[in-house]
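A.B. asks: Residue numbers (the numbering used here): 874 to 1100. Where is the CB? At the ideal position from N, CA and C, for every residue including glycine. Have a look at this one.
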Amino acid sequence: MRYWWAPFVAVVLVAVILGVWGPSGLPDTGYLLTVVAAIALAGLGFALYGWFAAKELPELIERVVEERLARIEKELRGLTYRQQEAMQKIVASYAVDDTDRKIALLKQAVDIQPDAYNAYVALGYAFWEKGDLLQAQECFMKDLESHPDNHQAASDLAALYCEQEEWVSALHWLKRALRMNPSCWRDFESDTRFDKLRQDAPEPHSDTYRRLIEDARRREATPGPKA
874 MRYWWAPFVA VVLVAVILGV WGPSGLPDTG YLLTVVAAIA LAGLGFALYG
924 WFAAKELPEL IERVVEERLA RIEKELRGLT YRQQEAMQKI VASYAVDDTD
974 RKIALLKQAV DIQPDAYNAY VALGYAFWEK GDLLQAQECF MKDLESHPDN
1024 HQAASDLAAL YCEQEEWVSA LHWLKRALRM NPSCWRDFES DTRFDKLRQD
1074 APEPHSDTYR RLIEDARRRE ATPGPKA
């Protein structure tokens, strides 16, 4: 604000007046009058500052708001552009048969926008198709970091571990997926990737699978808070 100095000038003037006409140079009454006059002058300075501040404050607020809105708009435009570019590469990858080319496209997508919807899931499938199960697992995990409620990524992790016959890990992620979305029990029941767990896994694990499915069916029928 242009008039921030007004109260400071008033205070300096008070100090000068009291320094020049201190009690040693004036009778008590005269000194008191000087003090009162000095205080009044200081008050006038603060009042002047307040008046100018009140006059300029709305303009200052408006300018700050406009600058902030312009910055937010610019950031949103950039975000929208990155999301569109990433989605174009994800969609393009669906039409690519060559696994390495598909992986390259999807890597470009996650480099542009790491939290783009389905980007890491699609990349995980591509690595899985290539046989790189560790990279596939990492991709599904990264998707869950950006989208903690994405039951599809949790389901894919369950299927990945099921393929490797790691039953405990498979059931862990199956349970997580059902907690996120109880209705996906239908997907598990119809997904052939879980045939091993249903039919070939040792009895305790297949029993756990059946119990988790039944529990999800009950929770879907009677919705309540997630456990």
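1. Kindly indicate which three-state DSSP category D971 falls into: helix, strand or coil?
2. Using only the alpha-carbon positions, how far apart do M1014 and R955 sit?
3. As a quick exercise: from R1049, L1033 and H1024, pick the residue whose alpha carbon is nearest that of W1001.
4. In angstroms, rounded to a whole number, what distance separates the CA positions of Y998 and V964?
5. Can you list, in chain order, the residues of its chain whose CB lies under 7 Å from that of S1079, leaving out five sequence neighbours each side?
6. Is T1081 helix, strand or coil when you go by DSSP?
7. Hey, out of D1068, T1065, C1057 and D1064, whose CA is closest to R1092's CA?
8. Go to A995, then tell me how far its alpha helix (DSSP H) extends in each direction, as first and last residue.
9. By alpha-carbon positions, which one of L1030, D1022 and H1024 ends up nearest to C833?
10. When you compare only the Cα positions, how much space is there between E1018 and E1076?
11. Taking the alpha-carbon of W1040 as reference, which of L1051, N1054, F1067 and R1059 has the nearest alpha-carbon?
12. So what's A1089 in DSSP terms, helix, strand or just coil?
13. Determine the direct distance from the alpha carbon of K962 to that of L1006, and round the result to whole angstroms.
14. What separation, rounded to the nearest whole angstrom, lies between the Cα atoms of H1101 and R1059?
15. With a Cβ-Cβ cutoff of 9 Å, do A1094 and L1051 count as a contact?
16. State the start and end residues of the unbroken alpha helix (DSSP H) segment that holds H1024.
17. Please report the distance separating the alpha-carbon of D973 from that of L996.
18. Distance, Cα to Cα, R1084 vs W1046?
C.D. replies: A quick look at the data gives this:
1. Coil.
2. Their backbone Cα atoms lie some 22 Å apart in a straight line.
3. Distances from the alpha-carbon of W1001 to those of R1049, L1033 and H1024 put L1033 closest.
4. Going by the C-alpha atoms only, they are around 14 Å apart.
5. Result list for S1079: L1070 and R1071, in chain order.
6. It is helical.
7. For R1092, the nearest C-alpha among the options comes from C1057.
8. Element bounds for A995: A992 to K1003.
9. A query on residue 833 cannot be resolved here, the shown segment of the chain reaching from 874 to 1100 and no further.
10. When rounded, the distance between both Cα atoms is 33 Å.
11. Minimum Cα-Cα distance from W1040 among the listed residues L1051, N1054, F1067 and R1059 corresponds to F1067.
12. Helix at A1089.
13. Straight-line measurement puts the Cα of K962 at about 23 Å from the Cα of L1006.
14. Because the chain is modelled from 874 through 1100, residue 1101 falls outside the range shown and cannot be assessed.
15. No, the pair does not count as a contact, with Cβ atoms beyond the cut-off.
16. It spans H1024 to E1036 - the alpha helix (DSSP H) in which H1024 sits, taken as one unbroken run.
17. Counting only the Cα atoms, L996 lies some 11 Å from D973.
18. Using only the alpha carbons, I get a separation of about 14 Å.
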